[in-house]
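Structure, as structure tokens:
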Amino acid sequence: MASSAHPWLQTYLQRIEQQQLPEVAASRGDLAPALLFQLFESQLQSRLLDLRSRLMQAKGQSFYTIGSSGHEANAAVAAALRPTDPAFLHYRSGAFFIQRSKQVAGQTPLYDMLLSFAASAEDPISGGRHKVLGSLALNIPPQTSTIASHLPKAVGTAFAIALSKRLQHDGSWPHDSIAYCSFGDASLNHSTTQGALNAACWAAFQQVPVPVLFVCEDNGLGISTPTPTGWVQQNLNNRPGLTYFHADGRDLAGTYQVAQQAADYVRRYRKPAVLHLATVRLFGHAGSDAEVAYRKKERIADELELDPLLFSTAQILEQGWMNPTELSDWVQALDQRLERIAEQASSRPKLTSATAVMASIAPERPVQPLPALPDAALRQDLFAFDKHNQGKPQHLAKLLNWALHDLMAQYPEIVLCGEDIAKKGGVYNVTQHLVHAFGYNRVINTLLDEQSILGLAIGLAQQGFVAMPEIQFLAYVHNAEDQIRGEAATLPFFSNGQYHNGMVIRIAGLAYQKGFGGHFHNDNSFAVFRDIPGLILLCPSHGEDAALLLRQAVRLAHEQKRLVVFLEPIALYMTRDLLQPGDGLWLRDYPSPDTPLPALGEPAVFGDGNELCILSYGNGYYLSRQAELDLRAKGYALRLLDLRCLIPLQLDAILSAIGPCSKLLMVDECRRRGSVSEELMTLLHEAKPGQFQMERITGEDSFIPLGAAAYQVLPSKEQIMASIQRMLGSEEKLQPQERRA
Numbered sequence: 002m003a004s005s006a007h008p009w010l011q012t013y014l015q016r017i018e019q020q021q022l023p024e025v026a027a028s029r030g031d032l033a034p035a036l037l038f039q040l041f042e043s044q045l046q047s048r049l050l051d052l053r054s055r056l057m058q059a060k061g062q063s064f065y066t067i068g069s070s071g072h073e074a075n076a077a078v079a080a081a082l083r084p085t086d087p088a089f090l091h092y093r094s095g096a097f098f099i100q101r102s103k104q105v106a107g108q109t110p111l112y113d114m115l116l117s118f119a120a121s122a123e124d125p126i127s128g129g130r131h132k133v134l135g136s137l138a139l140n141i142p143p144q145t146s147t148i149a150s151h152l153p154k155a156v157g158t159a160f161a162i163a164l165s166k167r168l169q170h171d172g173s174w175p176h177d178s179i180a181y182c183s184f185g186d187a188s189l190n191h192s193t194t195q196g197a198l199n200a201a202c203w204a205a206f207q208q209v210p211v212p213v214l215f216v217c218e219d220n221g222l223g224i225s226t227p228t229p230t231g232w233v234q235q236n237l238n239n240r241p242g243l244t245y246f247h248a249d250g251r252d253l254a255g256t257y258q259v260a261q262q263a264a265d266y267v268r269r270y271r272k273p274a275v276l277h278l279a280t281v282r283l284f285g286h287a288g289s290d291a292e293v294a295y296r297k298k299e300r301i302a303d304e305l306e307l308d309p310l311l312f313s314t315a316q317i318l319e320q321g322w323m324n325p326t327e328l329s330d331w332v333q334a335l336d337q338r339l340e341r342i343a344e345q346a347s348s349r350p351k352l353t354s355a356t357a358v359m360a361s362i363a364p365e366r367p368v369q370p371l372p373a374l375p376d377a378a379l380r381q382d383l384f385a386f387d388k389h390n391q392g393k394p395q396h397l398a399k400l401l402n403w404a405l406h407d408l409m410a411q412y413p414e415i416v417l418c419g420e421d422i423a424k425k426g427g428v429y430n431v432t433q434h435l436v437h438a439f440g441y442n443r444v445i446n447t448l449l450d451e452q453s454i455l456g457l458a459i460g461l462a463q464q465g466f467v468a469m470p471e472i473q474f475l476a477y478v479h480n481a482e483d484q485i486r487g488e489a490a491t492l493p494f495f496s497n498g499q500y501h502n503g504m505v506i507r508i509a510g511l512a513y514q515k516g517f518g519g520h521f522h523n524d525n526s527f528a529v530f531r532d533i534p535g536l537i538l539l540c541p542s543h544g545e546d547a548a549l550l551l552r553q554a555v556r557l558a559h560e561q562k563r564l565v566v567f568l569e570p571i572a573l574y575m576t577r578d579l580l581q582p583g584d585g586l587w588l589r590d591y592p593s594p595d596t597p598l599p600a601l602g603e604p605a606v607f608g609d610g611n612e613l614c615i616l617s618y619g620n621g622y623y624l625s626r627q628a629e630l631d632l633r634a635k636g637y638a639l640r641l642l643d644l645r646c647l648i649p650l651q652l653d654a655i656l657s658a659i660g661p662c663s664k665l666l667m668v669d670e671c672r673r674r675g676s677v678s679e680e681l682m683t684l685l686h687e688a689k690p691g692q693f694q695m696e697r698i699t700g701e702d703s704f705i706p707l708g709a710a711a712y713q714v715l716p717s718k719e720q721i722m723a724s725i726q727r728m729l730g731s732e733e734k735l736q737p738q739e740r741r742a
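Adding 1 to a residue's 1-based position in the sequence shown gives its number in this note's numbering.
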């Protein structure tokens, strides 16, 4: 035996030669001999890859050693599915991945996985960015989750597959596919898992098709914490709308048969099911995990005897295809082959620059022809519900609603989803009448769970829809922010741009809501989005820009597959006036659908003053316009920038818009700490050190209280005026005609 072999392999070979294997018990199913050997080979390859990864780590060639040892029964589950069934995998699914590779011609799973272990730039899924199980050809989007945060999008994908059939939409996966997702017993306790299971059951209870197969791979441990005996079955069994199956991972034929039954049930009835798969965890949680620190040696030794590979080996020998010596020689030859492949994979190029690492965060995609704009006759019918308002200036909420009508007519793949968005039209009526025009398959009322809403959106995006979820209030994002940060934003990065989550997340938020208080309904912080690579955040302040920016957001999601957050200032939804009641100065005309869009990140400029420039957005821009009107009467000539695109800030466009102004005032309605004005000041100082005199007005580092007290912690028109007068001189300036005199 080669000296480079892992100690477990040496012991395994001795057991084969001495026939010290468990007795083959009666199985719950039958396997054709050829399939039995194929599954055994997948199991063995997965195990030897785990061992090879640890040997590579000892030589500094591998960087991630959480393996699949003890979970290899998932190879039988893979065999029971179709390769066109999208699979969202638990990280102990090496055998599943290898077995699925055998269902699609031209695959090289061993080399591919070793490239991933070695963090090679030639790794075909992540390009060296992570050790993940994923493949575009195998319909396995890569997952990095350890807490089952991929389950909501698996449910969303299942819903999207069924929706595709109803809408006759050709998506990424066939209409008869089912979504598959696996997770561990410890992750069953996570709120994300419980939310995903609940969402699937909630839909199924109402006869809404959700063809998803959950597989809980139960090894009885969450790193060092044991799972209570019987807990998984009690938790999963008898849930309304969820059918429960159970299999023992030591019984390969039985696992295959039960997995077939579960998959056939989901495929036939388009309802969710769960397969509770008994497994065992071998060699600790990961390579660095010393099990003896928290488990008795006797218990560890006992579980080594439950190794599913030992039971499969006994079955192979019982078939009589090979005698022990022949099997031992075959196993050694496979291990030596893996050693040679590992050496080759370890020598392949790595990522060597920040540019290379970041290339997949937001890869530039080819320009695509846009869908045709709706014709005049269609638009006349579409807007008949509101014909008395056509041609008149309107507030932000109304123009957003009109823009949504036009966009949904132009892009048949747009699907809206969220709480109360159908008949009610949302809390602020922004989506009213859309369900009447486009139906309940494109305007979807969801359950009250932001994780599930965003998971649905991710599933829709991966099935080729342009998803447009609505989050009712900005602070509600915090209930589910990892669906944006850890799932939607990371997928292009960890798939080398092969997978994406192009969508537009509409969020009502920001402060200045009269009579509202508290963290949830009057929140002035979007800092949660500011450190997410690849995310775009747009924020309009009036209706015309709202329509244009929403069209830009949809184009970015449709063509460039970008993740866009569209932040809508609640306090400006219905605002009509600027200074006096009835002046109508904040109303805008609706821009026709063929109106050119602004360049991404191009600020809107108001005024041509060259002494002082105000940079703001949302409610801050509205207040700045109020201040400008008052100061204009006193002779001040100002320049105002509405940033509109808050992530990423486009510095060149901002500098160009600032023009000759050397004094800058930033009006930022968010908190002083963590606000976008921090970044803006830093960027301007770094780009033009010493050129600008800069000040900023921000909200206080406080939550928003109820009633009039809210205005004690938010910027005001008076603060803006006082700061400008101080920066430019406190005396009133002469009127233009007085200057000329």
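Heads up, the beta-carbon is just placed ideally off N, CA and C, and yes, glycines get one too. All values reported here derive from a predicted model rather than from experimental measurement.
Query - Distance, His520 Cα to Leu536 Cα - result: Your numbering for residue 536 matches position 535 in the sequence shown. Your numbering for residue 520 matches position 519 in the sequence shown. The straight-line gap from Cα to Cα measures roughly 24 Å.
Query raised in the report: Between which two residues does the alpha helix (DSSP H) harbouring Ile98 extend?
Result: As a first step, residue 98 is located in the sequence shown; it is residue number 97 there, counting from the start. It should be noted that the sequence gives Phe, not Ile, for residue 98. Element bounds for Phe98: 95-102.
Requested in this report: Give the straight-line distance between the Cα atoms of Lys399 and Tyr270, rounded to the nearest whole angstrom.
Outcome: As a first step, residue 399 must be located in the sequence shown, where it is residue number 398. As a first step, residue 270 must be located in the sequence shown, where it is residue number 269. Rounded to the nearest whole angstrom, the C-alpha separation of Lys399 and Tyr270 is 42 Å.
Report task. Run through the segment 204-239 for me and flag every whole beta strand (DSSP E) of 3 or more residues, listed as ranges in chain order. Result -> If only complete runs of 3 or more residues are kept, the segment 204-239 shows the beta strand (DSSP E) at 213-219, in order along the chain.
Query raised in the report: Tell me the DSSP bridge mates of Ala279?
Result: Counted from its first residue, the sequence shown places residue 279 at position 278. As a beta-bridge residue in DSSP terms, Ala279 pairs with Asp219, Asp249.
Requested in this report: For the beta strand (DSSP E) holding Ala605, just list the boundary residues, first then last.
Outcome: Residue mapping note: residue 605 aligns to position 604 of the sequence shown, counting from 1. Residue range 605-607 is occupied by the beta strand (DSSP E) that includes Ala605.
Query - Backbone secondary structure at Lys298 - three-state DSSP - result: Taking the sequence shown and counting its residues from 1, the one referred to as residue 298 is at position 297. Look at Lys298 here: in three-state DSSP terms it is helix.
**Report entry** Rounded separation between Asp421 and Pro470 - CA only
**Finding:** On the sequence shown, residue 421 is found 420 positions in, with the first residue counted as 1. On the sequence shown, residue 470 is found 469 positions in, with the first residue counted as 1. Rounded to whole angstroms, Asp421 and Pro470 show a C-alpha spacing of 12 Å.
Requested in this report: Would you decide whether Ser348 is buried or exposed? Buried here means 16 or more other CB atoms lie within 10 Å of its CB.
Outcome: As a working mapping, residue 348 is identified with position 347 in the sequence shown. So Ser348 ends up on the exposed side.
Query raised in the report: Hey, quick one: how far does the alpha helix (DSSP H) through Asn75 stretch, first residue to last?
Result: Translated into the one-based positions of the sequence shown, residue 75 becomes position 74. Note, Asn75: alpha helix (DSSP H), 75-81.
Query - Pro350 versus Ala119, Ile655, Ala723, residue with shortest Cα-Cα distance - result: Within the sequence shown, residue 350 is the residue found at index 349, counting from 1. Answer by Cα proximity: Ala119.
Query raised in the report: At what residue ranges does the segment 325-403 contain a whole run of the alpha helix (DSSP H), taking only runs of 4 or more?
Result: Every unbroken stretch of the alpha helix (DSSP H) spanning 4 or more residues and falling wholly within the segment 325-403 is given here in chain order: 325-347, 355-359, 377-383.
Query raised in the report: Which stretch, first to last residue, makes up the alpha helix (DSSP H) that contains Gly313?
Result: Indexing the sequence shown from 1 puts residue 313 at position 312. Per the sequence shown, the amino acid found at residue 313 is Ser instead of Gly. Element bounds for Ser313: 309-320.
**Report entry** Cβ neighbours of Pro180 in the same chain (closer than 6 Å, five flanking residues each side left out)
**Finding:** Taking the first residue of the sequence shown as 1, we reach residue 180 at position 179. Looking at the sequence provided, one finds Ala at residue 180 rather than Pro. So the list reads Pro87, Ala155, Thr158, Ala159, Val213, once near-sequence residues are dropped.
**Report entry** CA-to-CA distance, Ala404 to Asp382, given in whole angstroms
**Finding:** Position 381 of the sequence shown, counted from the first residue, corresponds to residue 382. Position 403 of the sequence shown, counted from the first residue, corresponds to residue 404. Put simply, the backbone Cα of Asp382 is about 15 Å away from that of Ala404.
Report task. Counting only the same chain and skipping the five closest in sequence on each side, list residues whose C-beta sits under 7 Å from that of Phe386. Result -> Looking up residue 386 in the sequence shown gives position 385. If you ignore the 5 residues before and after Phe386, its C-beta comes within less than 7 Å of the C-beta of His434, all in its own chain and listed in chain order.
Query raised in the report: Since Gln44 and Ser313 are thought to touch, with beta carbons under 8 Å apart, how far apart are those beta carbons, to the nearest angstrom?
Result: Looking up residue 44 in the sequence shown gives position 43. Looking up residue 313 in the sequence shown gives position 312. Taking the Cβ atoms as the reference, Gln44 lies roughly 6 Å from Ser313, within the contact range of under 8 Å.
Query - heavy atom of the ligand COA below 7 Å from Pro23 C-beta - result: By its list of ligands, the structure shown contains no ligand whatsoever, and the ligand COA lies outside what it can speak to.
Query raised in the report: What separation, rounded to the nearest whole angstrom, lies between the Cα atoms of Val324 and Leu318?
Result: The residue labelled residue 324 in the question sits at position 323 within the sequence shown. The residue labelled residue 318 in the question sits at position 317 within the sequence shown. According to the sequence displayed, residue 324 carries Asn and not Val. Approximately 6 Å, taken between the alpha carbons.
Query raised in the report: Is Asp669 helix, strand or coil by DSSP?
Result: As a first step, residue 669 is located in the sequence shown; it is residue number 668 there, counting from the start. Reduced to three states, the DSSP call for Asp669 is strand.
Query raised in the report: Based on the DSSP output, what are the partners of Glu687 in its beta bridges?
Result: Residue mapping note: residue 687 aligns to position 686 of the sequence shown, counting from 1. Looking at the DSSP assignment, Glu687 forms no beta bridge with any residue, so it has no partner.
Requested in this report: Along the beta strand (DSSP E) that carries Met575, what are the first and last residues, could you check?
Outcome: What you label residue 575 is simply residue 574 of the sequence shown in a count that begins at 1. Unbroken run through Met575: none, as it is neither H nor E.
Requested in this report: May I ask which residues mark the beginning and end of the alpha helix (DSSP H) holding Ile126?
Outcome: On the sequence shown, residue 126 is found 125 positions in, with the first residue counted as 1. Ile126 -> no alpha helix (DSSP H), and no H or E assigned at all.
Query raised in the report: Thinking C-alpha only, which one of Ile485, Ala572, Ala723 is nearest Gln514?
Result: For the purposes of this step, residue 514 is taken as residue 513 along the sequence shown, with counting starting at 1. Ranking Ile485, Ala572, Ala723 by Cα distance to Gln514 puts Ala572 first.
Query - Cβ neighbours of Glu365 in the same chain (closer than 8 Å, five flanking residues each side left out) - result: Looking up residue 365 in the sequence shown gives position 364. Within the same chain, Glu365 has close Cβ partners Gln561.
Query raised in the report: In whole angstroms, what is the alpha-carbon distance linking Phe466 and His7?
Result: Taking the sequence shown and counting its residues from 1, the one referred to as residue 466 is at position 465. Taking the sequence shown and counting its residues from 1, the one referred to as residue 7 is at position 6. Within the model, the alpha-carbon separation for Phe466 versus His7 is close to 47 Å.
Query raised in the report: Mind checking Arg338: buried by the 16 CB within 10 Å criterion, or exposed?
Result: As a working mapping, residue 338 is identified with position 337 in the sequence shown. Flag for Arg338 reads exposed.
Query - Inter-residue spacing [alpha-carbon to alpha-carbon] between Leu10 and Arg48 - result: For this step, residue 10 is matched to residue 9 along the sequence shown. For this step, residue 48 is matched to residue 47 along the sequence shown. One C-alpha to the other measures close to 9 Å.
**Report entry** Assigned secondary structure, Ala274 (DSSP; H/G/I helix, E/B strand, else coil)
**Finding:** Translated into the one-based positions of the sequence shown, residue 274 becomes position 273. Here Ala274 sits in strand by DSSP.
Requested in this report: Take the Cβ of Val293 as the centre, count every other Cβ of all protein chains shown within 10 Å, and call the residue buried at 16 or more, exposed below.
Outcome: In the sequence shown, the residue the question calls residue 293 occupies position 292. Its Cβ having fewer than 16 others within 10 Å, Val293 is exposed.
Query raised in the report: On the three-pair Cβ rule with 8 Å, is the segment 255-275 touching the segment 213-231?
Result: For the pair of segments examined, the segment 255-275 was found to touch the segment 213-231: the number of CB pairs separated by less than 8 Å reaches three.
Query - For Pro470, the first and last residue of its enclosing beta strand (DSSP E) - result: One-based indexing of the sequence shown puts residue 470 at position 469. Where Pro470 is concerned, the enclosing beta strand (DSSP E) stretches over 467-472.
Query raised in the report: In whole angstroms, what is the alpha-carbon distance linking Ile725 and Leu715?
Result: As a working note, residue 725 is residue 724 in the sequence shown. As a working note, residue 715 is residue 714 in the sequence shown. In this structure, the alpha-carbon of Ile725 lies about 17 Å from that of Leu715.
Query - Proximity winner among Arg563, Gly440, Asp219, Val677, relative to Asp532 (alpha-carbon distances) - result: On the sequence shown, residue 532 is found 531 positions in, with the first residue counted as 1. The residue from Arg563, Gly440, Asp219, Val677 with its alpha-carbon nearest to that of Asp532 is Val677.
Query - Rounded C-alpha distance that separates Gln627 from Glu679 - result: Position 626 of the sequence shown, counting from 1, holds the residue named residue 627. Position 678 of the sequence shown, counting from 1, holds the residue named residue 679. Between the C-alpha atoms of Gln627 and Glu679 there is a straight-line separation of about 24 Å.
Query - Range of the contiguous beta strand (DSSP E) that encloses Gly675 - result: Residue 675 sits at position 674 when you count from the first residue of the sequence shown. In the DSSP annotation of this structure, Gly675 is not part of any beta strand (DSSP E), being labelled neither H nor E.
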